[in-house]
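Read the structure below first, then the notes.
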Amino acid sequence: MSAEVGQFALILALLLALVQAVAPLWGAHRGDGVLMAVGRQAALLQAVFVSVAFGCLAYAFVTCDFSVSLVAQHSNTAQPAPYRFAATWGSHEGSMLLWVLILALCGGVLGAFGGTLRETLQARVLGVQGMIAASFHGFLLFTSNPFLRLDPAPLEGMELNPLLQDPGLVMHPPVLYAGYVGFSVAFCFAVAALIEGRVDAAWARWVRPWVLAAWIPLTLGITLGSAWAYYELGWGGWWFWDPVENASLMPWLLGTALLHSALVLERRGALVSWTILLCILTFSLSLVGTFLVRSGILTSVHAFAVDPKRGVYVLGIIALTTGLSLALYGWRAPAIRSGALFQPVSREGGITLNNLFLTALCATVFLGTFSPVFIEMLNKDKISVGPPYYARTFAPLAIPLLALVVFGPLLNWKRDDWRAVMKRARVPAAMAAAAIVLGLAFNGLKGVVTAAGLGLAAWLIVGSALILVRRWWAGRAYLARSIRTTPRSIVGLTLAHAGLGLLTLGITGVTAWESDKVLSMREGDTVAFAGRTLTLTAFETVQGPNYQAREARFTVKGQGAPYVLSSQKRFYPTAQSQTTEAGIKVTPLGNLYVSVGEESPTGVVVRLWNHPLIVWIWIGGFLMGAGGAVSLSDRRLRLGAATKVVPVSAQPAPAE
Amino acid sequence: MKRLLLIAVAAASLAGPAGAVNPDEQMADPAMEARAHKLSRDLRCVVCQNQSIDDSDAALARDLRIILRERIAAGDTDEQAVAFLVARYGSFVQLQPPMRFDTLALWFGPLAVLLAGGIGAAIYIRGRAPARSATLSAEEEAEVAELLNSDKAG
Amino acid sequence: MRRLLFLAPVVVFVAVLIGFFAGLGRDPTLLPSTMIDKPVPAFSLPPVRPEAQGFATTDLGGEPALVNFYASWCAACRIEHPFLMRLRSQGVTLHGVDWKDEREAGFKWLADRGDPYVRVGHDGSGRTGIDMGVSAVPETFVVDKRGRVRYRHVGAITAEVWEQKLGPMMEKLRAEL
Numbered sequence: 008m009s010a011e012v013g014q015f016a017l018i019l020a021l022l023l024a025l026v027q028a029v030a031p032l033w034g035a036h037r038g039d040g041v042l043m044a045v046g047r048q049a050a051l052l053q054a055v056f057v058s059v060a061f062g063c064l065a066y067a068f069v070t071c072d073f074s075v076s077l078v079a080q081h082s083n084t085a086q087p088a089p090y091r092f093a094a095t096w097g098s099h100e101g102s103m104l105l106w107v108l109i110l111a112l113c114g115g116v117l118g119a120f121g122g123t124l125r126e127t128l129q130a131r132v133l134g135v136q137g138m139i140a141a142s143f144h145g146f147l148l149f150t151s152n153p154f155l156r157l158d159p160a161p162l163e164g165m166e167l168n169p170l171l172q173d174p175g176l177v178m179h180p181p182v183l184y185a186g187y188v189g190f191s192v193a194f195c196f197a198v199a200a201l202i203e204g205r206v207d208a209a210w211a212r213w214v215r216p217w218v219l220a221a222w223i224p225l226t227l228g229i230t231l232g233s234a235w236a237y238y239e240l241g242w243g244g245w246w247f248w249d250p251v252e253n254a255s256l257m258p259w260l261l262g263t264a265l266l267h268s269a270l271v272l273e274r275r276g277a278l279v280s281w282t283i284l285l286c287i288l289t290f291s292l293s294l295v296g297t298f299l300v301r302s303g304i305l306t307s308v309h310a311f312a313v314d315p316k317r318g319v320y321v322l323g324i325i326a327l328t329t330g331l332s333l334a335l336y337g338w339r340a341p342a343i344r345s346g347a348l349f350q351p352v353s354r355e356g357g358i359t360l361n362n363l364f365l366t367a368l369c370a371t372v373f374l375g376t377f378s379p380v381f382i383e384m385l386n387k388d389k390i391s392v393g394p395p396y397y398a399r400t401f402a403p404l405a406i407p408l409l410a411l412v413v414f415g416p417l418l419n420w421k422r423d424d425w426r427a428v429m430k431r432a433r434v435p436a437a438m439a440a441a442a443i444v445l446g447l448a449f450n451g452l453k454g455v456v457t458a459a460g461l462g463l464a465a466w467l468i469v470g471s472a473l474i475l476v477r478r479w480w481a482g483r484a485y486l487a488r489s490i491r492t493t494p495r496s497i498v499g500l501t502l503a504h505a506g507l508g509l510l511t512l513g514i515t516g517v518t519a520w521e522s523d524k525v526l527s528m529r530e531g532d533t534v535a536f537a538g539r540t541l542t543l544t545a546f547e548t549v550q551g552p553n554y555q556a557r558e559a560r561f562t563v564k565g566q567g568a569p570y571v572l573s574s575q576k577r578f579y580p581t582a583q584s585q586t587t588e589a590g591i592k593v594t595p596l597g598n599l600y601v602s603v604g605e606e607s608p609t610g611v612v613v614r615l616w617n618h619p620l621i622v623w624i625w626i627g628g629f630l631m632g633a634g635g636a637v638s639l640s641d642r643r644l645r646l647g648a649a650t651k652v653v654p655v656s657a658q659p660a661p662a663e
Numbered sequence: 419m420k421r422l423l424l425i426a427v428a429a430a431s432l433a434g435p436a437g438a439v440n441p442d443e444q445m446a447d448p449a450m451e452a453r454a455h456k457l458s459r460d461l462r463c464v465v466c467q468n469q470s471i472d473d474s475d476a477a478l479a480r481d482l483r484i485i486l487r488e489r490i491a492a493g494d495t496d497e498q499a500v501a502f503l504v505a506r507y508g509s510f511v512q513l514q515p516p517m518r519f520d521t522l523a524l525w526f527g528p529l530a531v532l533l534a535g536g537i538g539a540a541i542y543i544r545g546r547a548p549a550r551s552a553t554l555s556a557e558e559e560a561e562v563a564e565l566l567n568s569d570k571a572g
Numbered sequence: 048m049r050r051l052l053f054l055a056p057v058v059v060f061v062a063v064l065i066g067f068f069a070g071l072g073r074d075p076t077l078l079p080s081t082m083i084d085k086p087v088p089a090f091s092l093p094p095v096r097p098e099a100q101g102f103a104t105t106d107l108g109g110e111p112a113l114v115n116f117y118a119s120w121c122a123a124c125r126i127e128h129p130f131l132m133r134l135r136s137q138g139v140t141l142h143g144v145d146w147k148d149e150r151e152a153g154f155k156w157l158a159d160r161g162d163p164y165v166r167v168g169h170d171g172s173g174r175t176g177i178d179m180g181v182s183a184v185p186e187t188f189v190v191d192k193r194g195r196v197r198y199r200h201v202g203a204i205t206a207e208v209w210e211q212k213l214g215p216m217m218e219k220l221r222a223e224l
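Chains as they are written, first to last, in the numbering used here: chain V, 8 to 663; chain D, 419 to 572; chain P, 48 to 224.
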């Protein structure tokens with residue numbers, strides 16, 4: 008029964024989305040308040056109906072209703088309950104429903120809380136949102152219906168891909184999708200602004216929190232995905248430059264640029280048309296990210312089952328969404344002007360530079376991801392673009408950007424003096440120099456890159472922390488008060504930039520000092536590795552809820568108290584597939600990573616890795632997300648905080 | 419049913435790729451083994467999705483690892499050993515794309531975007547800069563900057 | 048001029064989009080062969096059939112031939128096999144290489160299903176296949192009168208593949224000097 012309810016709710020949602028796509032736009036054009044109100048109601052109802060549909064599918068999964076084809080394919084009774092629930096979005100159809108759910112919820116929030124916006128702007132934003140929603144409801148219903156029935160229903164289902172049966176991955180898709188879909192709101196605002204032909208302060212105050220609200224989960228989602236790949240894929244990599252990873256990195260890079268340019272727009276009314284372009288491109292790359300892997304254009308470890316019909320539909324959506332909005336941009340954007348002036352050396356100038364580098368980085372990833380497709384079409388030859396390419400193109404662009412990060416918050420708005428800025432940067436510069444000298448002392452001249460990485464990390468961490476320290480030091484007489492009154496946005500930026508420093512530290516550490524060893528061991532054997540000794544104490548078969556495993560247990564001695572580490576090779580009989588569960592000892596200084604391989608008469612193959620400082624990569628990533636969250640909680644950024652409607656061009660430069 | 423099969427194949431090809439070098443493949447000479455290890459990380463497994471032969475469990479990846487080590491043992495340079503595999507499987511096996519006429523955009527595109535963007539940004543910033551009315555002396559400016567600095571907000 | 052700048056994004060996008068659409072139909076797993084128009088690398092393989100001759104480079108040339116890589120563990124070869132038998136009965140010169148397989152298993156395959164090949168060599172280590180850039184079986188090479196590879200087909204040979212590609216190709220090569 009639930010499947011039919013869900014299906015019906017989806018059809019209603021599609022109809023509501025069509026209403027939402029037409030009524031408010033027409034209403035705004037005609038100045039008809041009733042039609043605009045219809046748009047708000049449609050958005051709210053649509054959120055309700057998509058929630059119902061998602062609830063129905065989740066219910067079918069949790070209750071093992073194998074008469075629903077999707078459930079039969081991705082779940083079975085032996086699968087633990089949390090994974091039965093997570094299997095709701097473990098397939099193409101289910102994950103699309105999740106995507107549409109988040110989209111509908113965004114629309115609902117816009118409809119419910121957009122009252123502080125100018126009515127026509129809200130109506131146009133909702134109208135554009137309705138168009139996007141309608142196209143995806145259509146995609147879901149016509150090419151990827153999650154509610155198809157099986158007759159007769161099987162007694163037992165298949166299984167969710169065992170690799171996905173993991174707590175980290177249960178969270179990964181919803182978080183990542185919240186990021187991708189969140190950028191759709193900024194997109195809708197951008198297109199609405201182009202239709203209206205003007206951008207005002209209220210627009211900017213609405214867009215920035217939405218951008219931040221999308222950027223936070225995207226950051227966390229990428230970090231989660233990296234951590235998951237590290238411990239689950241079983242060979243200790245943390246980033247593979249796989250097309251799907253790249254697909255999430257591209258909107259992240261442009262989204263980060265957008266986050267900063269929206270700040271300039273909000274505070275100073277500059278970079279207006281550039282910000283609009285970024286809104287369009289960021290969401291377009293999110294679309295490319297979510298869907299291109301489903302089109303069969305690229306091979307990827309992550310690709311869902313590929314269906315060319317879906318590929319055509321998805322490309323059609325991208326063509327319409329991005330193509331029309333960019334055409335609208337080319338037509339309307341030249342008329343949108345902004346008045347604020349600033350000197351080259353200023354916060355605005357710094358952020359322009361930040362945007363320049365982030366855009367170039369995004370272009371690099373785009374070229375690396377898609378040029379194999381284009382080159383193959385041009386001359387039939389196939390090339391691969393892997394880590395060595397990015398080491399030669401991405402890294403040289405990322406390093407100067409990281410070096411510039413510290414200057415940003417030190418710069419004054421409007422104008423500044425570079426000598427004064429240099430003076431403010433003395434302390435982090437000294438710390439960076441110390442780190443470089445230390446790095447060189449440890450590694451010799453061979454380790455120039457490592458030393459530079461360490462210097463960069465120190466520069467970022469100290470330079471960011473100093474923003475808060477300086478502030479609190481200046482108000483040390485009333486320390487408690489000055490800590491309390493520090494704007495959250497400043498705390499947020501400090502955390503995010505320092506997180507970038509920790510990320511740099513982690514990447515530098517693991518790249519420079521990673522070591523590995525492969526050997527064959529029998530029970531009782533001991534091996535010395537990376538300052539520790541590992542003894543294989545037991546190697547035996549264990550039974551899991553829906554798998555059998557061969558488990559190797561090691562006692563590790565050296566570097567602190569002894570501990571036990573175990574690694575499994577799991578076999579999932581229903582899915583007929585194997586996974587490797589690595590044994591990982593996480594410490595701030597480095598991880599010991601053990602995974603078991605094939606068995607042979609001479610013992611079992613054991614692979615050992617030492618990953619120095621690697622955990623800081625993910626701590627840094629989470630800290631960046633946390634920084635974003637703190638910043639979002641700033642009162643200035645709360646939704647609807649701005650009620651005044653002042654066109655940017657008429658807005659006087661705020662006094663500082 | 420075909421889709422189920424595809425999923426199963428995808429799952430199977432994903433399963434258990436655990437840094438795949440086996441102890442019996444390794445070379446006795448640690449320096450040569452280190453060279454082979456490093457090279458094999460940048461060679462793509464042609465039957466896998468997106469893995470190096472160093473990471474892949476596939477039988478062909480294992481063969482290629484062994485061939486690579488044989489070439490090194492036979493005295494090949496790194497370039498010769500890689501060229502041996504490229505001659506058989508094309509530039510697809512190299513995770514580092516070749517530098518050719520048709521890959522110029524790939525290799526120099528990032529730089530071109532940076533330069534074009536830099537020129538654009540410079541023109542934009544020049545257009546934004548107010549006509550400088552030099553009313554403040556350097557000291558006064560520094561003073562103002564200090565003052566501004568003391569109450570900066572994010 | 049300024050207006051044109053604002054139109055640049057949509058122009059670039061349209062170009063990229065055309066590329067995406069063109070890329071849709073293509074199989075991303077298909078790898079082009081490096082062997083085209085090159086002589087077949089030298090090999091001399093032991094026989095799969097006991098007491099029969101092996102298969103060597105010197106057996107090629109003179110008349111156009113197909114060299115088919117198969118293995119007993121290969122599922123797609125099972126689909127292909129009946130069609131290979133048909134080609135044999137039509138008098139097409141078809142040689143076989145049993146790739147990365149046990150010789151006994153490769154022989155049992157022929158004994159059970161019929162033997163479509165003129166010569167069959169056993170490539171247990173897979174090195175001959177690797178020398179020709181074989182990545183998975185079945186793969187079939189078209190070799191011309193001078194012993195050069197002219198075409199490679201990846202995957203099972205079906206009636207459609209034969210009629211559209213391999214058949215006409217063989218016809219053409221037969222006409223060559």
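We put the beta carbon where it would ideally sit given N, CA and C, even for glycine. Quick caveat, the model's predicted, so the values are computed rather than measured.
- prompt: So, are the CB atoms of alanine 465 of chain V and methionine 438 of chain V less than 7 Å apart?
  reply: Your numbering for residue 465 of chain V matches position 458 in the first sequence. Your numbering for residue 438 of chain V matches position 431 in the first sequence. Contact flag set, yes.
- prompt: Would you call the stretch 257-269 of chain V and the stretch 324-344 of chain V in contact, with 3 or more CB pairs under 8 Å?
  reply: no
query: What residue range is occupied by the uninterrupted alpha helix (DSSP H) comprising valine 456 of chain V?
result: Along the first sequence, one-based indexing puts residue 456 of chain V at 449. Unbroken alpha helix (DSSP H) run through valine 456 of chain V: 455-481.
task: For serine 255 of chain V, collect the residues of the same chain with a Cβ closer than 6 Å to its Cβ; drop the 5 residues on either side in sequence, then sort them by chain order.
output: Here residue 255 of chain V refers to the residue found at position 248 when the first sequence is read from its first residue. Contacts found: Ile229 and Gly296.
task: Just grab the DSSP bridge partners of asparagine 598 of chain V for me.
output: In the first sequence, the residue the question calls residue 598 of chain V occupies position 591. Answer is V/His618.
Residues near proline 89 of chain V by beta carbon distance below 7 Å, same chain, minus five either side: Taking the first sequence and counting its residues from 1, the one referred to as residue 89 of chain V is at position 82. Closer than 7 Å at Cβ, skipping near neighbours: Val177.
message: Using a Cβ-Cβ cutoff of 9 Å, what residues of the stretch 384-414 of chain V are near chain P? List them in chain order.
response: Met384, Lys387, Asp388 and Lys389
field: Local conformation of glutamine 585 of chain V per DSSP, three classes
entry: Locating residue 585 of chain V in the first sequence gives position 578, counting from the first residue. The answer is strand: DSSP assigns glutamine 585 of chain V an E or B state.
- prompt: What did DSSP end up calling leucine 52 of chain P once you bin it into helix, strand or coil?
  reply: As a position in the third sequence, residue 52 of chain P is number 5, starting the count at 1. In the structure shown, leucine 52 of chain P sits in a helix (DSSP, three-state: H, G or I).
query: By DSSP, does glutamine 53 of chain V sit in helix, in strand, or in coil?
result: Residue numbering aside, residue 53 of chain V sits at position 46 when the first sequence is read from its first letter. Glutamine 53 of chain V falls in the helix class under three-state DSSP.
field: Reference aspartate 158 of chain V; option with closest CA among V/Phe73, V/Gly635, V/Phe414 and V/Glu606
entry: Taking the first residue of the first sequence as 1, we reach residue 158 of chain V at position 151. Considering only alpha carbons, the answer is V/Phe73.
- prompt: Would you say alanine 193 of chain V reaches chain P, if we count a Cβ-Cβ gap shorter than 7 Å as a contact?
  reply: Counting from 1 along the first sequence, the entry for residue 193 of chain V is found at position 186. With 7 Å as the cut-off, alanine 193 of chain V does not count as an interface residue toward chain P.
query: If you compare alpha carbons, which of V/Ser332, V/Ala432 and V/Trp222 is closest to valine 637 of chain V?
result: Start at 1 with the first residue of the first sequence, and residue 637 of chain V comes out as number 630. The option with the nearest alpha carbon to valine 637 of chain V is V/Trp222.
The beta strand (DSSP E) enclosing methionine 528 of chain V, as first and last residue numbers: Taking the first sequence and counting its residues from 1, one reaches residue 528 of chain V at position 521. Where methionine 528 of chain V is concerned, the enclosing beta strand (DSSP E) stretches over 522-528.
message: Classify aspartate 442 of chain D: buried if its beta carbon has 16 or more other beta carbons within 10 angstroms, exposed otherwise.
response: Residue numbering aside, residue 442 of chain D sits at position 24 when the second sequence is read from its first letter. With fewer than 16 other Cβ atoms within 10 Å, it is exposed.
message: Can you give me the C-alpha to C-alpha distance between glutamate 210 of chain P and histidine 128 of chain P, rounded to a whole angstrom?
response: For this step, residue 210 of chain P is matched to residue 163 along the third sequence. For this step, residue 128 of chain P is matched to residue 81 along the third sequence. Using only the alpha carbons, I get a separation of about 16 Å.
message: With H, G and I counted as helix, E and B as strand and the rest as coil, what does DSSP make of threonine 263 of chain V?
response: Taking the first sequence and counting its residues from 1, one reaches residue 263 of chain V at position 256. Helix, per DSSP.
Presumed contact (8 Å Cβ cut-off) between valine 192 of chain V and tryptophan 210 of chain V, rounded CB distance: Here residue 192 of chain V refers to the residue found at position 185 when the first sequence is read from its first residue. Here residue 210 of chain V refers to the residue found at position 203 when the first sequence is read from its first residue. 12 Å between Cβ atoms; not a contact.
- prompt: Does the pairing of the stretch 224-244 of chain V with the stretch 185-200 of chain V give three or more beta-carbon distances under 8 Å?
  reply: yes
message: Quick check: is any heavy atom of the ligand SAH less than 6 Å from the C-beta of glycine 446 of chain V?
response: Annotation note on the ligand SAH: not contained in the displayed structure, which lists no ligands.
query: For tryptophan 623 of chain V, is the classification buried or exposed, using 16 other Cβ atoms within 10 angstroms of its Cβ as the cut-off for buried?
result: Working through the first sequence from its first residue, we reach residue 623 of chain V at position 616. Its Cβ being crowded by 16 or more others within 10 Å, tryptophan 623 of chain V is buried.
task: Along the alpha helix (DSSP H) that carries tryptophan 1 of chain P, what are the first and last residues, could you check?
output: Residue 1 of chain P is absent from the structure shown; chain P starts at 48 and stops at 224.
- request: Kindly indicate which residue of V/Glu239, V/Phe247, V/Ser489 and V/Leu333 has the alpha-carbon position closest to the one of glycine 590 of chain V.
  value: Reading the first sequence from its first residue, position 583 is the one you call residue 590 of chain V. When only C-alpha atoms are compared, the closest one is V/Glu239.
query: Listing by chain order, which chain V residues have their CB less than 8 Å from the CB of isoleucine 541 of chain D?
result: Position 123 of the second sequence, counted from the first residue, corresponds to residue 541 of chain D. Neighbours of isoleucine 541 of chain D on chain V: none; closest Cβ ~11 Å, over 8 Å.
- prompt: Comparing the C-beta of aspartate 106 of chain P with each C-beta of chain V, is any distance below 7 Å?
  reply: Along the third sequence, one-based indexing puts residue 106 of chain P at 59. Chain V contact via Cβ: absent.
message: Please list, in chain order, the chain V residues whose beta carbon lies closer than 7 Å to that of alanine 183 of chain P.
response: By one-based count along the third sequence, residue 183 of chain P stands at place 136. Here the premise fails: no neighbours, minimum Cβ distance about 14 Å.
task: Between the Cα of tryptophan 479 of chain V and those of V/Ile497, V/Gly462, V/Ile468 and V/Tyr554, spot the shortest distance and give me the residue it belongs to.
output: Along the first sequence, one-based indexing puts residue 479 of chain V at 472. The residue with the shortest Cα to Cα distance from tryptophan 479 of chain V is V/Ile497.
query: Which residues of chain P have a Cβ atom closer than 7 Å to the Cβ of glutamate 464 of chain D, listed in chain order?
result: Taking the first residue of the second sequence as position 1, residue 464 of chain D is located at position 46. Note on residue identity: the sequence assigns valine, not glutamate, to residue 464 of chain D. Per Cβ cutoff of 7 Å: Leu78 and Ser182.
Residues of its chain near glycine 393 of chain V, where Cβ-Cβ distance is below 8 Å and the 5 sequence neighbours each way are ignored: Residue numbering aside, residue 393 of chain V sits at position 386 when the first sequence is read from its first letter. Correct list, in chain order: Trp248.
task: Using a Cβ cut-off of 9 Å, pull out every chain P residue sitting near isoleucine 537 of chain D, in sequence order please.
output: To locate residue 537 of chain D, count along the second sequence from 1; it is residue 119. The contacting residues do not exist; isoleucine 537 of chain D stays about 12 Å from chain P at best.
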